[in-house]
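Below you'll find the structure, written out as structure tokens, and then a few comments.
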Amino acid sequence: MLRRRVPLFGIALLAGLAAFVLIGPLIWPVAPTQMDLLARNQGATWAHPLGTDQLGRDLMARLMVGGRVSLAVGLVAMLLAVSFGTAIGVAAGMSRRLDGPLMRLTDLFLALPLLPLLLIAAALFRAPLAVRFGPEAGLFALITIAIGGTAWMGTARILRGEVRALMQRDYIRAARTIGTRAPQMIWRHILPAIAAPLGVSAALGMASAILMESALSFLGFGFAPDMPSWGRLLYEGTPHLGAYPGRALWPGALITLAALGATSLGDALRDMADPRRA
Amino acid sequence: MRSHALRRLAMTIPTLLVISAIIFALLEFAPGDPMAQLPSTIPPDVRAEMRAALGLGQPAPVRYGMWLWQMVVVEPGIALGIVADGDTPRILSWQTRGPVMTLIAQRLPQTMIVVGSAYIIGVIAAIGLGILSARRQGSAIDRAGTGLAAMGYALPPFFTAAVLIYVFAIQLEWAPTIYDTTLHVTGWNSFAAQMRQMALPITVLSLQTTAQITRYMRAAMLDTLGQEYILAARAKGLRERTILMVHALRNSMIPVLPVIALGAPQIFAGAIITESIFGVNGVGQLLITSLSAGDLPVVQTVTVLIAVAIVLANLASDLALPWLDPRLRDA
Amino acid sequence: MGDNFITKPSCAAFSAIALLLSCLPLGIPNAAHALDGRGTDGMLRILYWQAPSTLNPYLSGGVKDIEAASLVLEPLARLSPDGDMIPWLAREIPTLENGGVAPDLRSIRWQLKPGLTWSDGSAVTSADIAFTHRYCTAPGAGCAQADKFRDVARVETPDKLTAVLHFDEPKPFPYGPFVGPQTPLLQAAQFADCLGPRAPGCTDANFAPIGTGPFKVVEFRSGDAAVFEANAAYRVPKQPAFGQVLLKGGGDAMSAGRAVLETGEFDYAWNLQLGPEVLAAMVARGKGQIVSSFSTLVERIAFNFSVPDDATQPHPALSDIAVRRALAMALDRRTMIEIGYGAAGRVSCNIVPAPPAYASSANDGCAAQDLDGARDLLSQAGWVDTDGDGVREREGTELRFVFQTSANTVRQNFQALAKEWWRQIGVAAELRAIDASVFFSGDPSSPDTLEKFGADIEMYAGASDGPDPEAYLAGWACDAAPGTENGWQGRNVGNWCDPEYDALLGALSSTAGLAERAALSRTLNDMLVQQHVAVPLVDRGRVSAHSNSLGGIRINAWDSELWNIADWYRLPG
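Residue numbers (numbering that gives the first Met the number 0), protein chains in the order written: chain A, 0 to 277; chain B, 0 to 330; chain C, 0 to 572.
Here you go:
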């Protein structure tokens, strides 16, 4: 009974958050940049249900816009990490020749101290990317690539194991003997078979990408003040925890809910894929 | 078995060389200027002279070779007392002009005491929670355990820290907000003070560790408890406690041990945020302040040392697994 | 397995620390009794959220390092909270009147107070002054304060207490070296083997310099904490009142403010760059108070006098003084300060706001926002909105500007405010926030630097180094405009050029009397402000906090904040 409810919980949470950031602005059409100098640092009022910041900007509107950034980072970084991880995992699992070098590469990446390198990379490519794609798109590209590029190893390892086991299965062997080409094989037989672990990786990857974005914002390597993500809003709100708790609690709660939703979705997918455990 | 161990051992050195070269190359291109934090009143030509005094004049491969030599020969030599300090150039920090190794040695106690014990506490809590949840799958304790794990993972640590500080340090005044690194435990009072100042950072850090490892532990334990030999043991009438703590635990640790071992080196870098919030000036805080000050020798040395720790932890778990898992011994 | 990995080194490290700390100041209570009053107030706990990395100010230009060192090392003269020179190790300030400065302005004669000793008991002599000059000017040292010694040709020591500094050229303001916390005296005996390239290697000396100040170093952990104890040989009897000082570093401004104002763990917290509401909420807990001080750091807006990307073309709109004046009039500096700085800022109508003698009173009244006046001014100058798009234009030129600054919360707030006020007078602004590491990099290959000025309007902060503004004001000379010929290094970012200003600068560089220099500086400042070359917004000060139980504090933005730490004491109760 409990197991049946759990996937719904994760999906409902994520769908709710997506609705909040995508449909929310249509229902609550206050501009996130609109200042109201007479209503600065307010608590919850009818005009501003979640209060305002030090310039009198509406926190609800800012959270809706910020959520778009945060969820987009989570989604894109996750897609990057998962596609990279899948490519490497599947290649290593299918080809004995590639297995060695690719797994060495994965081990090498696992042995790198990732957070420091992420910070170095964030400092390193900030300016060039901003020049190339403009300040906002550049920063977005930098953060998603940095997070995605350092989060693919787990996926690669798990999928390699799965594919390895799969290659011993009779139907794959049969497909091989009749000369099915590799791309077709991957598309028709392998990807469907590893969909479950892939989904688990993707859900967990999204949770960790959202959390990583907030950590980067906290350390000063995240988004600029004029492009506030949930992480950035939380970072700016924490000093006000005593006087205006909502400024920190709302973005903090949204980040937590997003990560919670993604993790429980991943857990539920895992349980569903593994009937013994469910 | 022995050849496997030797093969793994042989791989570590090239791996570490490649990693140190990658880190050096990355830092080489980094735009960080060691003079960037100086007041704007210091003119450009003085900055240029200061930069020259840091030894930045030589080409990159020479500096990498120099660093490697210092790292592999000079510093261990000085540490072991073979090479006399002062004869050979040590790795010097740009920011402090002092030896990097001295800095790291000063930071290790804080890191070990706070972050290390948080990791141990977190791991023990995770194993306990994992066993309890798996034992009574679906019970209230299982739901509480998995819920705690999920929350612990989903809460950003700086958010948890801010809330804990507000409640326990500011409102209740039970614990200090700043970790005093000069506090020396001499008696009960200073011991109590040490415990108080460790309480909040350890809570934040071990919550994260527990959250991550409980998930693995619970899954592994569930797997093991479903195995036939556990059913057989039960059928034989062995005490539940014996089954759980001896037979099931040992086998459940096989997949969890590598996770624990791989997480251990993160003690040095994974706690950057918590260290900087509580003023626990450990290795992580050294890394982040050096990074923002453009102090490349420190960044380079610390990241490579962390990589060494990761590789060694990996190796250790590889070598320890056969001891837990007899099947691997024969392979 | 995992346990072993962690506990073993930690035990070793723990015992090492125990060893270190066991040799900590056992002598302090004794010293306190013997000296009656010195060291009787116990330990003073200071928090610098940027941790000092060395105690040798010549090897690091960082404010945190200079201020930490000021407990130990002292200069010949310090600057008071008003920016006046106070003789410190010197008997008096040498001037033309008392004969200390030569009539040809080519030398200055400093005399040490008699009977000064270093904390190791040896005498302070003029040889230490000469040595300090040699230390900072030795080739290969990378001395951070080299600029202060730049024109000093040689130092003569006619007797044990007298040092004469000879300059290469006449110096109307000869108070560069040995005035202020950046250039204190080093002990020749301690640093004798640390000249030139050997300087960084002298770690023991750099981390524990011997000084003349009220405290001496007990233990220094770079980037973490420093422990000091009262200097038994300090020249003022019964001072300092505190026996030990713990100077802890690390964390951020938020945690520093909290530890003094909310939990009372520390006595003093340095440089609290926090939002006004945050500070106000902290102070409301009643455990401590904030103190602020101001020097010359002014947040300002600069206008581009030429077309961005083409320095030869005058700017179509901003070369009209009416436009510049209207933009300045539309700003409400009080609101900006209330939102951005609180106690750390005050309205500034001058580019040179201090010392008092140098601050002009001709521009007072800029604090009042005048939107109607700004609209009238634009209309009279022919800038009117004919096409009804809300933006004024004249002869095909619309008042649409790109407004850039570095990315930081306060500056983005200021940008948003200015954009809103300018919209109300019919001016459209497009905002750009550039990463601070790029904007302030001075990198000639980047288009987004302060100097390249690839926009119409930009905002940044600048300050004069020390009380004399000559070098600072020279930043608006015609030849200080950044360009290819000087590698984009100049500070005249707006490309403004006025021969009259350059002529007055020339006069300043050959005027010696302090009063005359102040008068000339005021005139130069008025030219900049009244022609709206730069619009001063906020005089940015330093805000620090101390606990209610701490007395004797006089915060100082000109010198080290800890300049008078010998006078600090614990209030009874």
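Each residue gets a CB set at the ideal place from its N, CA and C atoms; glycine is no exception.
>> With a threshold of 8 Å between beta-carbons, can P199(C) be considered close to chain B, or not?
In response: yes
>> Cutting at 6 Å between CB atoms, please list the residues of its own chain near P183(C), excluding the five before and the five after it.
In response: L72, E73, P74
> In three-state terms, what does DSSP make of L304(B)?
Replying inline: Three-state DSSP puts L304(B) in a helix.
> Shorter than 8 Å from the beta carbon of P250(A) to some beta carbon of chain C?
Replying inline: Contact of P250(A) with chain C is not assigned, every C-beta pair being separated by 8 Å or more.
> Looking at the unbroken alpha helix (DSSP H) that takes in Q183(A), where does it start and where does it end?
Replying inline: 181-184
> Shortest alpha-carbon distance to V401(C) belongs to which of V306(C), G474(C), G341(C)?
Replying inline: V306(C)
> Going by Cα to Cα distance, which pick from L256(B), T213(B), A161(B) is closest to P244(A)?
Replying inline: A161(B)
> If you draw a straight line from the C-alpha of A263(B) to the C-alpha of E457(C), how long is it?
Replying inline: 48 Å
> Where does D225(A) sit, in a helix, a strand or coil, going by DSSP?
Replying inline: D225(A) falls in the coil class under three-state DSSP.
>> Closer than 7 Å to a non-hydrogen atom of the ligand GDP - does that hold for the CB of G120(C)?
In response: Within the structure as shown, the ligand GDP is missing, as the structure has no ligands at all.
> Taking 8 Å as the CB-CB limit, is E48(B) close to chain C?
Replying inline: yes
>> Is it the case that the stretch 349-356 of chain C contacts the stretch 291-303 of chain C, given that we only count it when at least three CB pairs across the two stretches are under 8 Å?
In response: yes
>> For H165(C), report the span of its beta strand (DSSP E) as first-last.
In response: 161-166
>> Measuring straight from C-alpha to C-alpha, what distance separates P213(C) and A565(C)?
In response: Distance between the alpha carbons of P213(C) and A565(C) is about 6 Å.
>> What residue range does the alpha helix (DSSP H) around S200(A) cover?
In response: Unbroken alpha helix (DSSP H) run through S200(A): 194-217.
> What first and last residue would you give for the alpha helix (DSSP H) that runs through K215(C)?
Replying inline: Where K215(C) is concerned, there is no enclosing alpha helix (DSSP H), although the beta strand (DSSP E) it sits in stretches over 214-220.
>> So, with DSSP's three-state summary, where would you put V351(C)?
In response: coil
> How many angstroms separate the CA atom of E161(A) from the CA atom of A46(A)?
Replying inline: 54 Å
>> Output needed for V346(C): all residues of its chain with C-beta closer than 6 Å, excluding positions within five of it in sequence on either side, in chain order.
In response: Within the same chain, V346(C) has close Cβ partners R332, A366.
>> Let's see if you can read the secondary structure: which residues bound the beta strand (DSSP E) around W66(B)?
In response: Per DSSP, W66(B) belongs to no beta strand (DSSP E); it is in the alpha helix (DSSP H), 59-68.
>> If I measure Cβ to Cβ from H239(A) and keep anything under 7 Å in the same chain, skipping five residues before and after, which residues do I get?
In response: R246, A247
>> Considering Cα atoms alone, identify which of V437(C), I45(C), A126(C) is closest to F227(C).
In response: I45(C)
> Straight-line CA distance for S200(A) to M271(A)?
Replying inline: 14 Å
> Leaving out the 5 sequence neighbours to the left and right, which residues in its chain are closer than 8 Å to G115(B) when beta-carbon positions are compared?
Replying inline: I266
> Going along chain B, which residues have a C-beta under 9 Å from D146(C)?
Replying inline: The contacting residues are T40, I41, P42, D44, V45.
> Taking three-plus beta-carbon pairs below 8 Å as touching, is the stretch 134-141 of chain B in contact with the stretch 179-196 of chain B?
Replying inline: no
> How long is the line joining the alpha carbons of A502(C) and D467(C), rounded to whole angstroms?
Replying inline: Going by C-alpha positions, A502(C) is about 18 Å away from D467(C).
> Going along the stretch 260-280 of chain B in order, which residues come within less than 7 Å of chain E, judged by CB to CB distance?
Replying inline: The question asks about chain E, but that chain is absent: this structure's protein chains are A, B and C.
> Quick one: what's L549(C) bridged to in DSSP?
Replying inline: R569(C)
> Between the beta-carbon of G50(A) and the beta-carbon of A43(A), is there less than 8 Å?
Replying inline: yes
> Where does the unbroken beta strand (DSSP E) through E515(C) begin, and where does it stop?
Replying inline: Looking at the DSSP string, E515(C) is not in any beta strand (DSSP E); the run it does join, the alpha helix (DSSP H), is 513-529.
> From which residue to which residue does the beta strand (DSSP E) around V45(B) run?
Replying inline: From DSSP, V45(B) is part of no beta strand (DSSP E) but of the alpha helix (DSSP H) over 43-52.
> Are any of the Cβ atoms in chain A nearer than 8 Å to that of L20(C)?
Replying inline: Any reading at L20(C) must be qualified, since the residue scores a pLDDT of 39, below 50, and its modelled position is unreliable; the value itself is stated next. Closer than 8 Å: no.
> What's the call for N313(B), buried or exposed, on a 16-neighbour Cβ count within 10 Å?
Replying inline: buried
> So L204(A) packs on M77(A), CB below 8 Å; how close in whole Å?
Replying inline: It should be pointed out that residue 204(A) corresponds to Gly in this sequence rather than to Leu. With a beta-carbon spacing of about 4 Å, G204(A) and M77(A) fall inside the 8 Å limit used to define contacts.
> Within 8 Å (strictly less), CB to CB, does A143(C) reach chain B?
Replying inline: yes
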